[in-house]
Structure formats: structure tokens, C-alpha cells
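Residue numbers (UniProt numbering): 1 to 308.
Take a look at the structure:
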């Protein structure tokens, strides 16, 4: 069991790094002829194709009709809203802001767990949520009035935040479903449903792309978003999701802004001022405090031990 948990932690670390790199790499594609809706469409359709091909080599499984319906809703929360909002938000804001906003996921996950899974709301959780919320608000407000072309925007930051909230609901609601099937069975259906739902809204925009005018380097960035930031990252995330709790999974989001911010600054794609530094410190502090709080199982076990 301990080996499986270590495997899960390593998998989540790899996924976080890949997602962290996706902010600056995806932003490069968005600045060179690929729109936000188009990139999100490429992610979903490309992910579906990759997972269907990979499923050919995986053990065959029969999915129950009820579970197929649940996978549809899982695809809406975990892919359509998550990827669609994040990718479109990234097209409106800076990669640094997009990376920092992802650190709010552990806080959102703890709130969802309290509502849906009846996790206790402790003093540590309240303090952590408060600090993290102030940090996210500081980030959003510091984006207002930017004129250098490298800052963020309130709509973009809010869309990235909505992406984290939808993913938090996905982690909390569908953990039981995820444990019943292998990774490729789950992902091929979720990405297929996601592509079917998203294409009607993005078809016109994709059809207007002048494909012959897009450079090879831009298509390379798109390929990374599909293969690295989607196919491989989701495989690693699912490995972690099968063995670790939702709050632990979301905790790895704090790796993403470190990766994304470092690469963005090196590439000259963003700036990192005092306000963003304060926002990062507040969000990180909030995340740490929240993840140190006790789970419902731990509190029930302690109560049982006292009665004995």
C-alpha cells in the first residue's frame, strides 16, 4: 500500500510539472494564430484520439450503462469546464496569472469536500481558506489596469479560477467511479463526451484558422498541449487519483505556478511584481494550512480511540 502511495505522489508530481509547463507553452500557441476555443478543441479531440488508440493495447472492459452516463457528467466537470475555461482564460490573461490561480484548487477542493463529502470544517480550514481567498483576490485586482501587454485580466483570471472549481467538484464527486475502471477506459469515454459537447461551440472558430500560415513551432506547442499537457498528464493524474484523497491530489497544484512562472519569466512572457508575490505567499500559506487539517476519517478514528 505504501508503495502505491509513493507511486501516486510521483505521478501527481509529474502531472503538475506538465501542467505547469502548459501555461507558457500554450500561451505561445495562443499568441501565434491559435485561438483559445480552438486550442481547447484540439486538446479534447486530440486527447480522445490518443486515449482511444492507447485503449487498443489496454485490457478490454465493459462499462455499465449507468457508469457511461456518470462518465458523461465527469467529462463535463473534469474536461469541458476545466479545460475549456482554463484554455480560454489563458488566452485572456498572462501565463503567470493562470499558473498562480491554479493554486486555489486545494482550497476549492476542501470547500467542495465539506459540502459534498461532509468533511469537517475546522479552524485550520477556515484560516487557510481565508488566506487563500485573499491571495486570489489580490492577484485578480493586481491584474486590473495593466498596460504593458504582459499582465493579466480579470475575466481571464476568473475563468481560470472557474476551471479549478469545476475540477474540484470532479475530484470529490467521481472518486468512486474512477476506482472501478482502468485509466484508458475512463479517459477515452470522458474525452469523447467532452469533444462532442465542445465542438458545436467551437467549430466555426476552428474552421476559420489559416492552417498553412501557422508555423511549425506553433504546431509543436499545440502538440505538447495535446500529448504532454493532456494525454500524459491525465494518465499520471488518474494514477494518483486511484490511490490518494482529493485534497492530497489538489495539493500538487502549487507546483504548477513555480514551473509556469519560472519558464514565463525566462521567455519574457510575463512580469512578477510585488502584488503577485504577496498573492503567491498568501495562497501558498492558505494551501499549507488547509492541507494540514484533519480529514473526516482521522477525526472519526480519534473519537473511536477515545471511546475505547
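Yeah, the Cβ is synthetic: ideal placement off N, Cα and C, and Gly gets one too.
Compare the beta carbon distance of residue i and residue j with 8 Å and say whether it is the shorter of the two.
{"i": "residue 92", "j": "residue 155", "result": "yes"}
{"i": "residue 44", "j": "residue 194", "result": "yes"}
{"i": "residue 169", "j": "residue 112", "result": "yes"}
{"i": "residue 165", "j": "residue 132", "result": "no"}
{"i": "residue 232", "j": "residue 22", "result": "no"}
{"i": "residue 249", "j": "residue 37", "result": "no"}
{"i": "residue 128", "j": "residue 87", "result": "no"}
{"i": "residue 330", "j": "residue 222", "result": "Coverage of the chain is limited to positions 1 through 308, which leaves residue 330 absent and any answer about it impossible."}
{"i": "residue 160", "j": "residue 105", "result": "no"}
{"i": "residue 79", "j": "residue 238", "result": "no"}
{"i": "residue 287", "j": "residue 251", "result": "yes"}
{"i": "residue 277", "j": "residue 8", "result": "no"}
{"i": "residue 211", "j": "residue 40", "result": "no"}
{"i": "residue 246", "j": "residue 163", "result": "no"}
{"i": "residue 51", "j": "residue 175", "result": "no"}
Determine the burial state of residue i: buried for a count of at least 16 other Cβ atoms within 10 Å of its Cβ, exposed for fewer.
{"i": "residue 83", "result": "buried"}
{"i": "residue 220", "result": "exposed"}
{"i": "residue 102", "result": "buried"}
{"i": "residue 224", "result": "buried"}
{"i": "residue 207", "result": "exposed"}
{"i": "residue 57", "result": "exposed"}
{"i": "residue 116", "result": "exposed"}
{"i": "residue 6", "result": "exposed"}
{"i": "residue 64", "result": "exposed"}
{"i": "residue 217", "result": "exposed"}
{"i": "residue 200", "result": "exposed"}
{"i": "residue 60", "result": "exposed"}
{"i": "residue 273", "result": "exposed"}
{"i": "residue 179", "result": "exposed"}
{"i": "residue 10", "result": "exposed"}
{"i": "residue 259", "result": "buried"}
{"i": "residue 275", "result": "exposed"}
{"i": "residue 209", "result": "exposed"}
Kindly indicate which three-state DSSP category residue i falls into: helix, strand or coil?
{"i": "residue 4", "result": "helix"}
{"i": "residue 146", "result": "With a pLDDT of 47 at residue 146, under the threshold of 50, the predicted position of this residue should be treated as unreliable, though the coordinate-derived value follows. The answer is coil: DSSP assigns residue 146 none of H, G, I, E or B."}
Would you report the Cα separation of residue i and residue j, rounded to the nearest angstrom?
{"i": "residue 77", "j": "residue 213", "result": "34 Å"}
{"i": "residue 266", "j": "residue 118", "result": "43 Å"}
{"i": "residue 114", "j": "residue 14", "result": "28 Å"}
{"i": "residue 85", "j": "residue 230", "result": "15 Å"}
{"i": "residue 42", "j": "residue 192", "result": "12 Å"}
{"i": "residue 47", "j": "residue 226", "result": "6 Å"}
{"i": "residue 122", "j": "residue 68", "result": "36 Å"}
{"i": "residue 283", "j": "residue 94", "result": "18 Å"}
{"i": "residue 184", "j": "residue 228", "result": "16 Å"}
{"i": "residue 182", "j": "residue 196", "result": "22 Å"}
{"i": "residue 202", "j": "residue 62", "result": "31 Å"}
{"i": "residue 242", "j": "residue 204", "result": "38 Å"}
{"i": "residue 30", "j": "residue 153", "result": "15 Å"}
{"i": "residue 134", "j": "residue 3", "result": "37 Å"}
{"i": "residue 75", "j": "residue 55", "result": "17 Å"}
{"i": "residue 110", "j": "residue 215", "result": "42 Å"}
{"i": "residue 374", "j": "residue 234", "result": "The displayed coordinates of the chain run from 1 to 308. Any statement about residue 374 would go beyond what the structure contains."}
{"i": "residue 167", "j": "residue 253", "result": "12 Å"}
Inset, instruction - Could you pull out every unbroken alpha helix (DSSP H) segment of at least 4 residues lying fully inside the UniProt domain "EamA" (155 to 291), listed in chain order? - result: Under the rule that a run must span 4 or more residues, the alpha helix (DSSP H) segments found entirely inside the UniProt domain "EamA" (155 to 291) read 175 to 178, 183 to 207, 216 to 226, 233 to 243, 246 to 251, 255 to 266 and 274 to 291.
Legend entry - Ordered list of alpha helix (DSSP H) runs contained in the UniProt domain "EamA" (7 to 139), each at least 4 residues: If only complete runs of 4 or more residues are kept, the UniProt domain "EamA" (7 to 139) shows the alpha helix (DSSP H) at 36 to 55, 65 to 75, 82 to 92, 95 to 101 and 105 to 116, in order along the chain.
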